[in-house]
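Chains G and E, in that order, are what the protein sequence lines are. Sequence positions in the first sequence follow numbering that gives the first Met the number 0 and run 0 to 173. Sequence positions in the second sequence follow numbering that gives the first Met the number 0 and run 0 to 123. Idealized CB from N, CA, C, for every residue including glycine.
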Amino acid sequence: MKLNFPIIFFLILVITLFFGLFINTKVIQSPLIGKHLPNFALTKLRSSQVMSKDDLIKEPMLLNVWASWCLACIKEHSILKSIQSNNHIKIIGINYKDERSDAIGWLNIYGDPYKYNLYDINGEFSIDLGVYGVPETFLVDQNGLIRAKHVGELTEEIYNKKLLPIIKKINEKN
Amino acid sequence: MKKTKVIFIAIILSFSNIAEVISKEKNTDDIVYQKLISELRCMVCQNQNLAESEAPLAIDLKNKVMEMIKDGKSEEYIKNYLSERYSSFILYKPPFVFQNSILWLAPYIFLIIITYLLFRRYLK
Numbered sequence: 000m001k002l003n004f005p006i007i008f009f010l011i012l013v014i015t016l017f018f019g020l021f022i023n024t025k026v027i028q029s030p031l032i033g034k035h036l037p038n039f040a041l042t043k044l045r046s047s048q049v050m051s052k053d054d055l056i057k058e059p060m061l062l063n064v065w066a067s068w069c070l071a072c073i074k075e076h077s078i079l080k081s082i083q084s085n086n087h088i089k090i091i092g093i094n095y096k097d098e099r100s101d102a103i104g105w106l107n108i109y110g111d112p113y114k115y116n117l118y119d120i121n122g123e124f125s126i127d128l129g130v131y132g133v134p135e136t137f138l139v140d141q142n143g144l145i146r147a148k149h150v151g152e153l154t155e156e157i158y159n160k161k162l163l164p165i166i167k168k169i170n171e172k173n
Numbered sequence: 000m001k002k003t004k005v006i007f008i009a010i011i012l013s014f015s016n017i018a019e020v021i022s023k024e025k026n027t028d029d030i031v032y033q034k035l036i037s038e039l040r041c042m043v044c045q046n047q048n049l050a051e052s053e054a055p056l057a058i059d060l061k062n063k064v065m066e067m068i069k070d071g072k073s074e075e076y077i078k079n080y081l082s083e084r085y086s087s088f089i090l091y092k093p094p095f096v097f098q099n100s101i102l103w104l105a106p107y108i109f110l111i112i113i114t115y116l117l118f119r120r121y122l123k
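Following this line, the structure appears as structure tokens:
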């Protein structure tokens, strides 16, 4: 017993720390999941029409935070376009700290999968959404509840594994 | 000569008093602001606090903190506001919750165990 205690303690420590190696500390679980989308008043990117939370469509949607100066946004753009062309779910863009002309030019070059874009010039709504790096993607259901969030570039694998099952679950209930 | 000196000092002192009263409100805001931004983590440069960071998001968050202080929001409110959005990871001093209770309690548990081990031989 005298010998065993330190050895057992040491082994527990080794096992705990070993599994700790595989925890990704860069990805922070959003505390907003399961909560309502915060309210906002933003203009659309292509017009001066002011939108608020109540003007959003009453169906599931992806909210994609992007900017024309963001390189990873170009990379994830093809998957957004394929989601839109497959008619899986509507995508609404949040253009983050950008120039209107730059953003519209960017959409002309790379294509526009968004139903429309909200223009968040000073990033205020994005702070309310806890955005800390573009691109970020939120899955919002028909009641305005945030169901999932992905930080960083969206890939086909992440979309199929993380977002699609939740989208299917939401659609089944309706 | 002495009289004029006294009057002179009295005048200076009275001015400094006025200035103090005027700047007091501004100062307490500033103290709270400095305290808060040194206790909040910059989310994009994870080992810096907001005060040290010049990252665009850190500047936005600092402005947001200043704005909330000017609106008369309490320190507690501002910390809650940010951790509700960015998770308690943004706080350099995380709150005591179940998930991290082992980290908070471990030093005391070890203290008890080690004290027991040290004094065991004297108790016999």
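Amino acids of chain G, ordered along the chain, whose beta-carbon sits closer than 7 Å to that of residue i
i             : result
K78 (chain E) : Those do not exist, as K78 (chain E) stays about 13 Å from chain G at its closest Cβ, beyond 7 Å.
L56 (chain E) : Y131
Residue i, DSSP secondary structure in three states
i              : result
M50 (chain G)  : strand
V139 (chain G) : strand
D111 (chain G) : coil
W68 (chain G)  : coil
Y32 (chain E)  : helix
A54 (chain E)  : coil
M60 (chain G)  : strand
D101 (chain G) : helix
D127 (chain G) : helix
K15 (chain G)  : The question names Lys, but residue 15 (chain G) is Thr in the sequence shown. In this structure, T15 (chain G) counts as helix in the three-state DSSP scheme.
R45 (chain G)  : coil
I113 (chain E) : helix
H76 (chain G)  : helix
Y118 (chain G) : strand
V125 (chain E) : The displayed coordinates of chain E run from 0 to 123. Any statement about residue 125 (chain E) would go beyond what the structure contains.
V96 (chain E)  : coil
V124 (chain E) : Absent from the structure is residue 124 (chain E), since the part of chain E shown begins at 0 and ends at 123.
V133 (chain G) : coil
I88 (chain G)  : coil
Y80 (chain E)  : helix
K148 (chain G) : strand
L104 (chain E) : helix
L153 (chain G) : coil
N174 (chain G) : Because chain G in this structure spans residues 0 to 173, residue 174 (chain G) falls outside the shown range and cannot be described.
N38 (chain G)  : coil
L31 (chain G)  : coil
I93 (chain G)  : strand
Contacts of residue i in chain G (Cβ-Cβ under 9 Å)
i             : result
D59 (chain E) : K96, N121, G122, E123, S125, I126
K63 (chain E) : E123, I126
Contacts of residue i in chain E (Cβ-Cβ under 7 Å)
i              : result
G129 (chain G) : R84, Y85
Contact set between residue i and chain G, taken where Cβ atoms lie within less than 8 Å
i             : result
V43 (chain E) : Y131, G132
Inter-residue CB distance, residue i and residue j (contact presumed, cutoff 8 Å)
i              : j              : result
S46 (chain G)  : Y95 (chain G)  : With a Cβ gap of about 18 Å, S46 (chain G) and Y95 (chain G) do not count as contacting.
I166 (chain G) : P59 (chain G)  : 6 Å
K61 (chain E)  : L49 (chain E)  : 5 Å
K57 (chain G)  : Q141 (chain G) : 5 Å
L163 (chain G) : E75 (chain G)  : That belief does not hold up - the Cβ atoms of L163 (chain G) and E75 (chain G) are roughly 15 Å apart, past 8 Å.
E83 (chain E)  : P30 (chain G)  : 6 Å
I91 (chain G)  : Y109 (chain G) : Actually they do not touch by this definition, with Cβ atoms about 17 Å apart.
Residue i: CB within 7 Å of a non-hydrogen atom of the ligand NAP
i              : result
Y121 (chain E) : Absent from the structure shown: the ligand NAP. Ligands present: none.
Across the stretch 35-52 of chain G and the stretch 69-89 of chain G, are there enough close Cβ pairs to call them in contact, namely three or more that are closer than 8 Å? By the Cβ criterion, the stretch 35-52 of chain G is not in contact with the stretch 69-89 of chain G, since fewer than three pairs of Cβ atoms, one from each stretch, lie closer than 8 Å.
Contact between the stretch 126-138 of chain G and the stretch 58-65 of chain G is defined here as three or more beta-carbon pairs at a separation below 8 Å; is this criterion met? Because the criterion of three Cβ pairs below 8 Å is met, the stretch 126-138 of chain G and the stretch 58-65 of chain G touch.
Would you say the stretch 139-157 of chain G touches the stretch 116-123 of chain G, given that touching needs at least three Cβ pairs under 8 Å? In short, these stretches do not touch, since the Cβ pair count stays below three.
Could you check whether the stretch 45-57 of chain G touches the stretch 122-131 of chain G, counting it as contact only if at least three pairs of C-beta atoms, one from each stretch, sit closer than 8 Å? Taking one beta carbon from each stretch, the stretch 45-57 of chain G and the stretch 122-131 of chain G have fewer than 3 pairs nearer than 8 Å; the two do not touch.
Contact between the stretch 90-109 of chain E and the stretch 24-39 of chain E (3+ Cβ pairs under 8 Å): Flag = yes, the stretch 90-109 of chain E and the stretch 24-39 of chain E touch.
Are three or more beta carbon pairs between the stretch 104-112 of chain E and the stretch 62-82 of chain E nearer than 8 Å? With the cut-off at 8 Å, the stretch 104-112 of chain E and the stretch 62-82 of chain E do not touch.
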